[in-house]
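Going down the list, the sequences are from chains A and B.
The first sequence begins at -18 in the working numbering and counts up one residue at a time.
The second sequence begins at 29 in the working numbering and counts up one residue at a time.
To start, the structure under review is shown below, and the notes come after it.
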Amino acid sequence: MTEDYNVHLEEFEGPLDLLLYLIKKDEVDIYDIPIEKITSQYLEYLELMKMLDLNVAGEFLVMASTLMYIKSMLLLPPEERPPEEDIDETDPRADLVRQLLEYKKFKELAEQLQKKERQREDIFTRVASVELKDEGSGDISDVGIFDLISAFSEVLNVAGEEDLREIFEDRFTVTDKLSHITEILKNKKSVKFLDLFDPGSHKGEIVVTFLALLELIRLKTIKAIQKKSFDNISIELVESI
Amino acid sequence: MSGENLKNVIEALLFSSSKPLGIPEIVKVLSVDKNGSRSEIKKAIENLNSEYNESGKSFFIENIAGGYRMITKPEYAEYIKILYQVQPSRLSKPSLETLAIVAYRQPIIKADIEAIRGVNVDGIVKTLLEKDFIKISGRKDVPGRPFLLATTNKFLEYFGLKDLNELPKISELRQFSIVK
């Protein structure tokens, strides 16, 4: 039995980490990077990572092509280089250097934060015996389509098996579900998204219910809300004016 | 309410709370007796701290994440750690970097974080949202209306910061802008 071991190289989280590492290792000036040398080293590391079956992210390949592009630009005499977006920028390395410097700064800040994190490990607070009252729990935001789709896929995952042997006429229609949902909401003020789907419903029914929900949201008959992102979604009737 | 009593009430509130208590929360409690202005409360907390300090107590009241909270002094950590068998869960380097970017550039969209880090940050952002270190603070008015991300009070608490002004300073941080 073979298993895939995807080793995660923490040293090089991304291509910029690898570049900074190479720059530091060779003690080269970040403002005057010897592109040819760094590019070939970068590609060597990339080869090694592939050989070791490390998970080489696509961003590494993008950076490799950026490096090779810069390298080829440097081979051309300045007057023959294709015009860049920034006209006054003569050094093709400028963008990359800026990006590296910016990233380096945040790496340093991250280290500072890490120091603070370590310091906090020696500090202990009192342990709550009573929970404070939750003050209205902040923002209640409207739910986006992706939140809904994600909730929908959760329902689909626990759907009952469809009986495939016979062909039924459409037992559930969007129109039926529309009135079904509004009926439920007239009785209760707020319903959890998941509770709108009967446990063990077939996929067909779930899809129809979901389409009905989307339609009602579109018509602004109902609204989907969630207290914080990735929280449970509830459905409420929109107060008619 | 006498000054001494006010001080004791505040001490009791802080003693019973594990979360930082904001001045407004304390004011609300004290308003039952129509007592205690913001400055009186701050003064009382200062007095409590100097009392603790003078009598060599093992704890004090810290000003953190916009509130006040009792904490133990670091020199007693080794004993407390034995008692609770704590294994600190530390943030990974990529998480710290992402947090640093959000903290200094907030509100920021995910694409801008990715432009700085040079890698996809979907997974990290999701985890940081789940752990309540960052929150969605709105949407940017550009095509796609992407979410804007900002740090939370939990972030301040975790790193022991009173507020965002206490972040380590790098004055030239905004000098470069790679995101066009």
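Where is the CB? At the ideal position from N, CA and C, for every residue including glycine.
What residue range is occupied by the uninterrupted beta strand (DSSP E) comprising residue i?
i, result
"residue 24/B", "The shown model of chain B, from 29 to 208, leaves out residue 24/B, and the question about it has no answer."
"residue 89/B", "87 to 92"
"residue 28/B", "Residue coverage of chain B in this structure runs from 29 to 208, which leaves residue 28/B outside it and unanswerable."
"residue 218/A", "215 to 218"
"residue 171/A", "171 to 173"
Between which two residues does the alpha helix (DSSP H) carrying residue i extend?
i, result
"residue 18/A", "16 to 32"
"residue 151/B", "150 to 158"
"residue 38/B", "31 to 44"
"residue 82/B", "66 to 82"
"residue 200/A", "No alpha helix (DSSP H) contains residue 200/A, which DSSP labels as neither H nor E."
"residue 166/B", "Per DSSP, residue 166/B belongs to no alpha helix (DSSP H); it is in the beta strand (DSSP E), 162 to 167."
"residue 155/A", "155 to 168"
"residue 88/A", "75 to 101"
"residue 142/B", "138 to 145"
"residue 197/B", "Run containing residue 197/B: none; DSSP gives neither H nor E here."
"residue 39/A", "39 to 56"
"residue -3/A", "-4 to 6"
"residue 121/B", "121 to 133"
"residue 112/B", "105 to 112"
Grab me the residues of residue i's own chain with a C-beta within less than 6 Å of its C-beta, minus the 5 sequence neighbours each way, in chain order.
i, result
"residue 160/B", "180, 182"
"residue 186/A", "153"
"residue 76/A", "none"
"residue 98/B", "42, 87, 89"
"residue 115/B", "none"
"residue 100/A", "none"
Report the neighbours of residue i on chain A: residues whose CB is nearer than 9 Å to its CB, in chain order.
i, result
"residue 40/B", "The contacting residues do not exist; residue 40/B stays about 12 Å from chain A at best."
"residue 43/B", "107"
"residue 171/B", "Ordered by position in chain A, no residue passes the 9 Å Cβ test against residue 171/B, which lies about 15 Å from the chain."
"residue 108/B", "103, 105"
List the residues of chain B whose Cβ lies closer than 9 Å to the Cβ of residue i, in chain order.
i, result
"residue 129/A", "The premise fails here: residue 129/A is roughly 16 Å from chain B at the closest Cβ pair, so nothing lies under 9 Å."
"residue 60/A", "Result: empty, since nearest Cβ-Cβ is about 25 Å, beyond 9 Å."
Residue i versus chain A: which residues are under 7 Å apart at the beta carbon?
i, result
"residue 46/B", "106, 107, 108, 109"
"residue 116/B", "102"
Got a sec? Which residues, its chain only, sit under 7 Å from residue i by beta carbon, not counting five neighbours each side?
i, result
"residue 30/B", "none"
"residue 178/A", "136, 187, 190"
"residue 24/A", "45"
"residue 166/B", "135, 176"
"residue 133/A", "191"
"residue 27/A", "37, 41, 45"
"residue 54/A", "62, 73"
"residue 106/B", "none"
"residue 170/A", "217"
"residue -4/A", "40, 41, 44"
"residue 150/B", "none"
In chain A, which residues lie with their C-beta within 8 Å of the C-beta of residue i?
i, result
"residue 198/B", "86, 89, 90"
Please list, in chain order, the chain B residues whose beta carbon lies closer than 8 Å to that of residue i.
i, result
"residue -6/A", "121, 122, 125, 145, 147"
Just to confirm my understanding: we take residue i, look at its own chain, exclude 5 residues before and 5 after, and list those with CB closer than 8 Å. What are they?
i, result
"residue 127/B", "119, 156, 161, 162, 179, 183"
"residue 145/B", "122, 125, 126, 129"
"residue 166/A", "172, 203, 216, 217, 218"
**Request:** Could you say if the stretch 192 to 200 of chain A and the stretch 36 to 53 of chain B meet the contact criterion of at least three C-beta pairs nearer than 8 Å?
**Result:** No, the stretch 192 to 200 of chain A does not touch the stretch 36 to 53 of chain B.
**Asked** Between the stretch 199 to 214 of chain A and the stretch 65 to 75 of chain B, are three or more C-beta pairs nearer than 8 Å?
**Response** No: the two stretches stay apart, fewer than three of their Cβ pairs being nearer than 8 Å.
**Message:** Closer than 7 Å between beta carbons: that is the criterion. Which residues of the stretch 83 to 106 of chain A meet it against chain B?
**Reply:** Along the stretch 83 to 106 of chain A, the positions whose C-beta sits under 7 Å from a C-beta of chain B are 83, 84, 86, 87, 88, 90, 91, 93, 94, 95, 97, 98, 100, 101, 102, 103, 104, 105, 106, read in chain order.
**Asked** Does the count of Cβ pairs from the stretch 79 to 91 of chain B and the stretch 128 to 135 of chain B closer than 8 Å reach three?
**Response** Because the criterion of three Cβ pairs below 8 Å is not met, the stretch 79 to 91 of chain B and the stretch 128 to 135 of chain B do not touch.
**Message:** Give me the subset of the stretch 91 to 104 of chain B whose CB atoms are less than 7 Å from a CB atom of chain A, sorted by chain position.
**Reply:** Close to chain A, meaning a Cβ-Cβ distance shorter than 7 Å, are the following residues of the stretch 91 to 104 of chain B: 97, 98, 99, 100, 102.
**the stretch 90 to 105 of chain A in contact with the stretch 109 to 123 of chain B per 3-pair CB rule at 8 Å** = Here the stretch 90 to 105 of chain A lies against the stretch 109 to 123 of chain B, with 3 or more beta-carbon pairs under 8 Å apart.
**Message:** Closer than 7 Å between beta carbons: that is the criterion. Which residues of the stretch 118 to 147 of chain B meet it against chain A?
**Reply:** Of all residues in the stretch 118 to 147 of chain B, those with a C-beta nearer than 7 Å to a C-beta of chain A are 118, 119, 121, 122, 124, 125, 127, 128, 129, 132, 144, 145, 146, 147, reading in chain order.
**Message:** Under 8 Å, CB to CB, which of the residues in the stretch 29 to 57 of chain A have a partner in chain B?
**Reply:** Cβ contacts with chain B: 38, 40, 44.
**Message:** What are the residues in the stretch 167 to 182 of chain A lying within 9 Å of chain B by C-beta distance?
**Reply:** So the list is empty, because no residue satisfies the distance condition.
**Message:** At a CB distance below 9 Å, what residues from the stretch -3 to 20 of chain A approach chain B? Give them in sequence order.
**Reply:** Going along the stretch -3 to 20 of chain A in chain order, one finds -3, -2, 0 with a Cβ nearer than 9 Å to chain B.
**Message:** Three Cβ pairs or more, each shorter than 8 Å: is that satisfied between the stretch 72 to 85 of chain B and the stretch 164 to 178 of chain B?
**Reply:** No: fewer than three Cβ pairs fall under 8 Å.
**Request:** With 9 Å as the limit, tell me which residues of the stretch 174 to 188 of chain B have their beta carbon closer than that to any beta carbon of chain A; keep them in chain order.
**Result:** The residues in question are 175, 185, 186, 187, 188.
**the stretch 5 to 13 of chain A in contact with the stretch 75 to 89 of chain A per 3-pair CB rule at 8 Å** = Touching, per the Cβ criterion.
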